[in-house]
Amino acid sequence: MSAEPCIELRGVRFARPGGAFLLRADELCVARGERVACFGPSGTGKTTLVELLAGILVPDAGTIAVGGTPVSSLPDDARRAWRRERVGLVFQGLELLEYLCALDNVLLPYHLGAGPAGAEARARAQGLLERAGVGHAAARLPARLSQGERQRVAVCRALATEPELLLCDEVTANLDPATAAATLDLLLAEAKSTGATVLFVTHDRALLGRFDRAFDVRALAGGLA
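For the sequence shown, the numbering used here begins at 359 and goes up steadily by one.
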């Protein structure tokens with residue numbers, strides 16, 4: 359793990375339309391290659407934080423930089439291209455495309471322009487599915503997968519391009535303990551092998567010991583509400 363920062367967030371404020379929710383995050387620094395868990399009760403901003411770090415949302419105030427890229431100040435097209443090429447993202451809702459088989463869902467970042475979806479990419483995608491225990495389902499559409507299988511396909515998609523940053527929102531929420539442990543093993547092993555930085559959102563405090571450190575999202579505003 360390098361002391362060089364991967365994530366640098368300072369003075370961030372973000373309000374949902376209508377003012378129903380406000381996220382305050384005064385400072386967050388995550389070193390390159392560090393594995394960090396984020397926890398906190400529902401409704402305290404964990405998913406919002408992930409979406410801000412991924413450039414899906416733009417803060418109303420403050421700055422967010424990832425790997426030296428000023429994500430919060432990029433125009434929309436540049437943020438999408440940056441996210442496609444450098445971020446692996448597991449959404450809480452998974453966001454698998456129902457008309458693509460599991461293998462092509464894993465290859466989706468390549469289809470969207472992250473790189474050529476050739477033999478090497480397909481071999482890596484199939485290998486990830488095998489290691490996640492869902493290689494047998496590569497040709498199945500998401501409707502024919504269990505929730506746990508869908509979850510693991512989404513994890514494989516996040517890993518497919520060997521991104522520099524992995525943002526994972528409740529990755530193991532729908533998995534039994536043994537499958538959750540194996541999925542987390544795969545994610546952390548891949549991150550270690552590629553030097554990726556990991557920010558992992560979870561409600562499961564039993565997992566926190568697997569990470570270099572953990573923080574309550576409410577503490578980003580200077581204390582617990």
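C-beta: ideal position from N, C-alpha, C; glycine also.
No experiment lies behind these values; they were computed from the predicted model shown.
Opposing strand residues paired with residue i [DSSP bridges]
i	result
ARG441	According to DSSP, ARG441 bridges with nothing at all.
ALA383	VAL370
Within 8 Å, strictly: CB atoms of residue i and residue j
i	j	result
ALA319	LEU461	There is no way to answer for residue 319, as the model of the chain reaches only from 359 to 583.
LEU544	CYS526	no
THR406	PHE449	no
LEU517	GLU548	yes
VAL408	SER430	no
VAL370	LEU432	no
Cβ distance (whole Å) where residue i is taken to contact residue j below 8 Å
i	j	result
VAL394	ASP562	Going by Cβ atoms, the distance from VAL394 to ASP562 rounds to 15 Å, so no, they are not a contact pair.
VAL424	CYS364	6 Å
THR530	THR560	7 Å
ALA390	THR555	Rather than Ala, the amino acid found at residue 390 in this sequence is Arg. Yes, they are in contact, since the Cβ atoms of ARG390 and THR555 sit about 6 Å apart, within 8 Å.
Collapsed DSSP secondary structure at residue i in the structure displayed
i	result
GLY581	Low per-residue confidence applies at GLY581: pLDDT is 49, beneath 50, and the placement is therefore not dependable, though the value from the model is reported in the following sentence. DSSP places GLY581 in coil when its eight states are reduced to three.
ARG393	strand
ASP435	helix
VAL575	helix
THR530	coil
ALA477	helix
LEU452	coil
Endpoints, beta strand (DSSP E) assigned at residue i
i	result
VAL370	363-373
VAL424	419-424
VAL556	555-559
N-terminal and C-terminal residue of the alpha helix (DSSP H) that residue i is part of
i	result
LEU546	535-552
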